[in-house]
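In this note's numbering, the protein residues as written are 973 to 1249. The beta-carbon is built from N, C-alpha and C at its ideal position, and this holds for glycine as well. Predicted, not measured: the structure shown is a model, and the values here were computed from it.
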Amino acid sequence: VELDEDGDPDPETVIPIIDGGTEGFKGQARVILPRFTSCYECSLDSFPPQRLFPMCTIAETPRLPEHCIAYAFMMEWPKHFPDKKLDKDSPHDMKWVFDKATERAKQYGIAGVTYMLTMGVVKNIIPAVASTNAIIAAACVNEVVKLLSFASQTLNTYMMYMGSAGVYSHTFVYERKEDCPVCTSVVRKMTISRTTTLNELMQKLCEGELRLKKPSLTAADSGKTLYMQKPPALEKMLRPNLDKALVSLIHENGEELTVTDPVFPGEKALTLKVTFS
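So, in structure tokens, the structure goes:
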């Protein structure tokens, strides 16, 4: 999206995004107009967390067939094939995992381990229903037709479909997230202890709601580069900063940091105001 001389988005440069997805009898479709409506990042908090199993439960006290399957491909496979990566699309490899999971399930008196369930756990397969897929696909195509032909007002901005107890849909405006790092320029604030290292701060940025991948940081006021992921020569030169306390790298009263990351579109950067407790 390009900006005009007043700093406002130029509508002619906006490329709409039509998004849709299904899970079982539930589905959604939405229209995203960059800089005008909420973006994909704004809705990440509404996503269900990925199903994970505690390693202690998998190894010591399995209670579900899923625990036995996870044990087979997470612990048994590396033990038997340390130099071979599990091929999730190989019937031979999946049969091996299924057999090992069945053995462990019998050992603990757990029923329900099937080949299809093994495929679902290993590949994290989301159940799909053809009728739901057809409805959501039609909704997405309908929005594309309206955008191309100007035949009608486009969806504003989010449509939910719930077919598990009948046929029901609901349309509403998905509001923009005030501190979204992608579609807003709000300065985010973070208070950390004076002993927090640069590496620990980067871990917080990766593990928190921002979900960054490979952040690079620069002190905004002084222009000092704290850490850069690339080029390799610069990364190697700045690597010693990772183990240093952040308070020794920036102003002792705190400072604004410019954070860049591959998850941000284009040359978008995040401004992070860091203070010390």
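Q.
Considering only DSSP beta bridges, list what Y1140 is partnered with.
A. As computed with DSSP, Y1140 is found in a beta bridge with M1134.
Supposed contact pair T1197 and L1214 - C-beta distance, whole angstroms, cut 8 Å: Rounded, the Cβ-Cβ distance is 13 Å, inconsistent with contact.
For Y1012, the three-state DSSP class (helix, strand or coil): Look at Y1012 here: in three-state DSSP terms it is coil, with no helix or strand label.
Minimum length 3: unbroken beta strand (DSSP E) runs contained in the stretch 1146–1216:
Runs of the beta strand (DSSP E) inside the stretch 1146–1216: 1160–1164, 1188–1191 and 1197–1199.
Contacting residues, own chain, Cβ-Cβ under 6 Å from A1001 (five flanking each side not counted) = The beta carbon of A1001 sits closer than 6 Å to the beta carbons of G992, I1108, A1111, C1112 and M1131 from its chain, once the five residues preceding and following it are set aside; these are given in chain order.
**T1163 versus L1218 - alpha carbon distance** = Whole-angstrom Cα-Cα distance: 12 Å.
Taking just the CA atoms, how far does D1065 sit from C1155? Computed Cα separation, rounded: 43 Å.
- Does DSSP classify A1251 as helix, strand or coil? No answer is possible for residue 1251: it lies beyond the span of the chain, which begins at 973 and ends at 1249.
| said: Here's a check: name, in chain order, each residue in its chain whose Cβ is nearer than 7 Å to the Cβ of K1186, leaving out the five neighbours to either side. | reply: Take K1186, set aside five residues on each side of it, and the residues of its chain with a beta-carbon closer than 7 Å to its own are Q1201, D1233 and P1234, in chain order.
Discussion item. With a threshold of 8 Å on Cβ separation, who are the neighbours of L1016 within its own chain once the five nearest residues in sequence on each side are excluded?
Written reply: Closer than 8 Å at the Cβ level, and outside the excluded window around L1016, lie E1181 and R1183.
I1097 vs C1040 beta-carbon contact at 8 Å:
Here I1097 is not near C1040, since their CB atoms are 8 Å or more apart.
request  = Compare the Cα-Cα distances from A1192 to each of S1010, L1242, M1088 and K1216 and report the closest residue.
outcome  = Ranking S1010, L1242, M1088 and K1216 by Cα distance to A1192 puts L1242 first.
Endpoints, beta strand (DSSP E) assigned at K1245: Going by DSSP, K1245 is part of the beta strand (DSSP E) stretching over L1242 to F1248.
Legend entry - Boundaries of the beta strand (DSSP E) in which G992 is found, first to last residue: Boundaries of the beta strand (DSSP E) harbouring G992: I989 to E995, taken from the DSSP string.
**Asked** Nearest CA to the CA of I1222: which residue from E1179, T1169, D1055 and Y1043?
**Response** Nearest option by C-alpha distance: T1169.
| field | Per DSSP, cross-strand counterpart(s) of R1002 | value | Under DSSP, R1002 shares a beta bridge with D991 and Y1130.
- Message: In the DSSP assignment, the beta strand (DSSP E) including T1232 goes from what residue to what residue?
- Response: Taken as a continuous stretch (DSSP letters only), the beta strand (DSSP E) holding T1232 covers E1227 to T1232.
>> Measuring alpha carbon to alpha carbon, tell me which residue in E1032, E1048, E1150 and F1144 is nearest L1260.
In response: Shown here, the chain extends from 973 to 1249; a query on residue 1260 therefore has no answer.
| task | Figure out for me which residue from I1004, A1077, R1007 and L1058 has the closest Cα to the Cα of T1033. | result | Of I1004, A1077, R1007 and L1058, the smallest CA-CA separation from T1033 is found for A1077.
Check your understanding: Under a Cβ-count criterion, where at least 16 other Cβ atoms within 10 Å of its own Cβ denotes burial, should P983 be classed as buried or exposed?
Key -> Residue burial is scored here from C-beta neighbours: P983 has fewer than 16 other C-beta atoms within 10 angstroms and is therefore classed as exposed.
(Q) For T985 and T1009, what's the separation of their Cα atoms in angstroms? (A) Between T985 and T1009, the C-alpha separation is close to 15 Å.
Please classify A1110: does DSSP put it in a helix, a strand, or coil?
-> For A1110, the secondary structure class from DSSP, reduced to helix, strand or coil, is helix.
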